[in-house]
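A short worksheet on the structure shown next.
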Amino acid sequence: MKMVRLGLSVAMLFCGGMAIAQGTVEDYNRAYSLREKFSANKVFYSNVTPTWIEGTHQFWYVRNTPEGRMYVSVNADKKGRKELFDHSRLADALTKASGKEVKSSAINLERLHVNKSLDTLRFVFNNQRWMYATRKNQLANEGSLPTPQKQKHWMERDDEKTANPIPSPDGKYTAFIKNHNIYVKEVATGKEKQLSIDGTLSNYYSAYIRWSPDSKKVASCKIRPVEKRYVYYVESSPTDQLQPKLHKQEYAKPGDELPFKVPCIYEVETGKSIIPSTDLFAQQYEIYGPEWNNDSRAVTFEYNQRGHQVYRVLELSAETGKVRPLIEESSDKYVNYTRHFRHDLRDNKHIIWMSERDNWNHLYMYDRTTAQPVHQITKGEWYVREVLRVDEDNQQIYFSANGVQPGEDPYLIRYYRIGFDGKDLVCLTPEEGMHRAWFSGDMNYLVDVYSMVDKAPVAVLRSAKDGQVVMPLETADISRLIAEGWKAPEVFTAKGRDGKTDMWGLIVRPTNFDPNKKYPVIEYIYQGPGDQYVPKNFIPYNWYMTSLAELGFIVVMVDGMGTSFRSREFENVCYKNLKDAGLPDHIAWIKAAAQKYSYMDIERVGIYGCSAGGQESTNAVLLHPDFYKAAYSACGCHDNRMDKIWWNELWLGYPVGDQYKEGSNVENAHLLSRPLMLVVGELDDNVDPASTMQVVNALIKANKDFELVVIPGAHHTMGEDFGEHKRYDFFVRHLMRGNPPKWDEIKKQ
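According to our numbering, the stretch in the sequence shown is residues 1412 to 2160, in order.
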């Protein structure tokens, strides 16, 4: 028999005796065309984002109509809707001011810059005092807005050394820092008085000074700083010069020393100091506060212990200097302080506090005097997500939560109201879906927008008393999207590694899907305890899945154990075990899908991701090569000792130990037996680029074959357009076992 070599130009899959091509130039062209074909601008009457008018029951929003943008206002009390302004008149005025034609359907008020100079155009809409203005020269050059001041990078720690003088509540004094110490100045005379005398360059007082409500005392933290760590980047190809540039970025890593803070109180008249014992906050990750109590007799601050196994709300007496705990959270794993919520009631006797102590995230009422919970406000096998308002006058709490409704996707968010006593829980957004709500200032009404991945968005106005619909607003029109060939992803549920817990994910198929073909499977992964990642709301075009599937793949995504917003037990799988990455659950889920859908070829499964997903995708081919046959990994935090301090110490613990080393892709690089493409942005200011290069070094030393793509000038990236094309080719080559088409043959849109 004559041997025929397959896959010289495209992958040839045999089904029923017929050769079927996948990964062809036509597939590439179609994949790239979907960005525009499935663009959000093909969806109408969607993206409702209301703006409530302060002090009223009126709001406005933008209607995205087939004819263009239209601004409408709604009066909730009257259940009426009308145009926010005369679009034609405004278009004429803008045309005259700018000297170029402005169509009424193209007006974009969000881009008009408001200023109070005389050189402005002012418009009063529908007899309301809603004023929009813009400079004439900005109208002539639309979008040329003033350059905002440069903000600190999110990795930079605030040294708290500078701040404006802080006036006392009674207006008699200002407080400020001079020579590292606290001073006050008498406004009437200009006379200065030094309160602290022990501040130094290496142990100084914070410029964030807090006055007591009675204006008799000030509080500030004394800070002992530490030497900072920096990451350095070489920008090889700057746009403004030939020679490379060296950049420097503050970047604390696991195990680094941290500043130490001591809250201190000073009496203004006597100069008396209250310097507390640090016994209850000695092992600091961070101190938050202090904040004065209403009676001016004490300050409250929060203590996050290094290693995150203890979190305390503490009270420092301004009279005795004694520190006492008001609330204490502890865990043998970690207290997830990112789920923080605290509300001190006006009575100065109670605190509403959020905790995962019963395995679910809930609200508790605490007694300040006894430092004990009075009762649990919310309770059940569900998860409080966000507290929107604590209404002390009516003893009500408005919040969002997921998992309350049985028998549906447990990640779907709804909005609720409940009494301080934990009674009369009312669902304000009862329809199934992923909800987002905007409440009126007095919490009488809410605008509710909800959707699912396979259900177009609906916007309604509701009563915040009982959730009843006051009036419909919009129902998204996706007919043009469907006419372009759009098909919704499938929500798929299967048991995880334990055989009993449901894992929820998505399956995305190409638009020309044929159940008689065999399709390689690619998993897009971003898994970690910081969040839940599988989309739940309507998305016309998924940048991570839609076009990749169009090449001839089944693309999937799933939230496994170790992610958030289920139970604490579900999330805690990640503790000191980030290398787990939920992969046993992902594998079980994909196998269950393949058992149901025979066209999913689980002998050809690839995986890709960025950041944590970059780490996890490499991890997958190193530790699970029997299942995952190829990985594309962008900007991965491949060794958690190299990554940012907060993420890693929270989930992996402190001090840095073997748990960091065991999950390192650098340490495990010698295990590589599958195709791997590593991608990194040379200016990645999220994950140290050296993390990727250390994997490269280890692979070279282990004599392993792999591919490396470095994107000059790029920051934290999946690979940008170049990397995306490389990713397409990589998976066509290694999962379809064929040669991708030449780049110059492909039409990118």
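Note that CB positions come from ideal geometry on N, CA and C, so glycine has one too. Since the model is a prediction, treat every value here as computed from it, not as a measurement.
Taking DSSP as the reference, what is the three-state secondary structure of residue i?
{"i": "V1945", "result": "coil"}
{"i": "A2045", "result": "strand"}
{"i": "S1742", "result": "coil"}
{"i": "F1752", "result": "coil"}
{"i": "L1857", "result": "strand"}
{"i": "L1799", "result": "strand"}
{"i": "E1961", "result": "helix"}
{"i": "H1849", "result": "According to the sequence as given, residue 1849 is Trp; it is not His. W1849: strand per DSSP, three-state reduction."}
{"i": "G1973", "result": "coil"}
{"i": "D1667", "result": "coil"}
{"i": "W1463", "result": "strand"}
{"i": "H1773", "result": "strand"}
{"i": "Q1660", "result": "strand"}
{"i": "L2061", "result": "helix"}
{"i": "D1393", "result": "The displayed coordinates of the chain run from 1412 to 2160. Any statement about residue 1393 would go beyond what the structure contains."}
{"i": "E2118", "result": "strand"}
{"i": "K1448", "result": "helix"}
{"i": "V2077", "result": "coil"}
At the level of alpha carbons, what is the spacing between residue i and residue j?
{"i": "Q1562", "j": "H2049", "result": "29 angstroms"}
{"i": "S1484", "j": "I1824", "result": "27 angstroms"}
{"i": "M1882", "j": "T1460", "result": "16 angstroms"}
{"i": "H1564", "j": "E1661", "result": "8 angstroms"}
{"i": "Q1716", "j": "S1688", "result": "16 angstroms"}
{"i": "K1490", "j": "E1895", "result": "36 angstroms"}
{"i": "Q1938", "j": "A1992", "result": "6 angstroms"}
{"i": "P1921", "j": "V1869", "result": "26 angstroms"}
{"i": "I1918", "j": "H1997", "result": "13 angstroms"}
{"i": "Q2006", "j": "D1970", "result": "19 angstroms"}
{"i": "Y1930", "j": "G1434", "result": "11 angstroms"}
{"i": "K1511", "j": "L1501", "result": "13 angstroms"}
{"i": "F1752", "j": "D1503", "result": "49 angstroms"}
{"i": "Y1826", "j": "T1462", "result": "19 angstroms"}
{"i": "D1690", "j": "E2014", "result": "58 angstroms"}
How about residue i and residue j: are their beta carbons less than 8 angstroms apart?
{"i": "H2136", "j": "G2092", "result": "no"}
{"i": "A1442", "j": "L1962", "result": "yes"}
{"i": "K1947", "j": "D1820", "result": "yes"}
{"i": "I1829", "j": "I1788", "result": "yes"}
{"i": "T1711", "j": "E1697", "result": "no"}
{"i": "R1908", "j": "P1995", "result": "yes"}
{"i": "I1933", "j": "F2133", "result": "no"}
{"i": "I2001", "j": "V1945", "result": "no"}
{"i": "Y1584", "j": "K1596", "result": "yes"}
{"i": "I2056", "j": "P1665", "result": "yes"}
{"i": "C2021", "j": "A2045", "result": "yes"}
{"i": "S2167", "j": "K1628", "result": "What is shown of the chain runs 1412 to 2160, which leaves residue 2167 out entirely."}
{"i": "P1670", "j": "G1700", "result": "no"}
Please classify residue i as buried or exposed, where buried requires at least 16 other C-beta atoms within 10 Å of its C-beta.
{"i": "E2027", "result": "buried"}
{"i": "P1736", "result": "exposed"}
{"i": "A1599", "result": "exposed"}
{"i": "Q1783", "result": "exposed"}
{"i": "D1859", "result": "buried"}
{"i": "G1601", "result": "exposed"}
{"i": "H1773", "result": "buried"}
{"i": "Y1643", "result": "exposed"}
{"i": "Q1469", "result": "buried"}
{"i": "E1726", "result": "buried"}
{"i": "L1653", "result": "exposed"}
{"i": "W2154", "result": "exposed"}
{"i": "S1613", "result": "exposed"}
{"i": "G1682", "result": "exposed"}
{"i": "T2103", "result": "buried"}
{"i": "W1915", "result": "buried"}
{"i": "Q1806", "result": "exposed"}
{"i": "S1741", "result": "exposed"}
{"i": "N1770", "result": "exposed"}
{"i": "Q2160", "result": "exposed"}
{"i": "I2122", "result": "buried"}
For the ligand HEM, I want to know if residue i counts as a neighbour, meaning its beta carbon is within less than 7 angstroms of at least one of the ligand's heavy atoms.
{"i": "N1486", "result": "This structure lacks the ligand HEM, and indeed carries no ligand of any kind."}
Tell me the start and end of each unbroken alpha helix (DSSP H) in the region 1978-2056 that is at least 4 residues and wholly inside, in chain order. 1979-1982, 1994-2007 and 2023-2034
Please list the segments of the alpha helix (DSSP H) lying wholly inside the region 1678-1748, counting only runs of 4 or more residues, in order along the chain.
none
>> Quick check on the DSSP output: what are the complete beta strand (DSSP E) runs of length 3 or more inside the region 1556-1605, in order along the chain?
In response: 1584-1589, 1592-1597 and 1603-1605
*asked:* Extract the residue ranges of the beta strand (DSSP E) inside the region 1878-1944, only unbroken runs of 3 or more that lie entirely within it.
replied: 1880-1886, 1901-1906, 1913-1919 and 1930-1935
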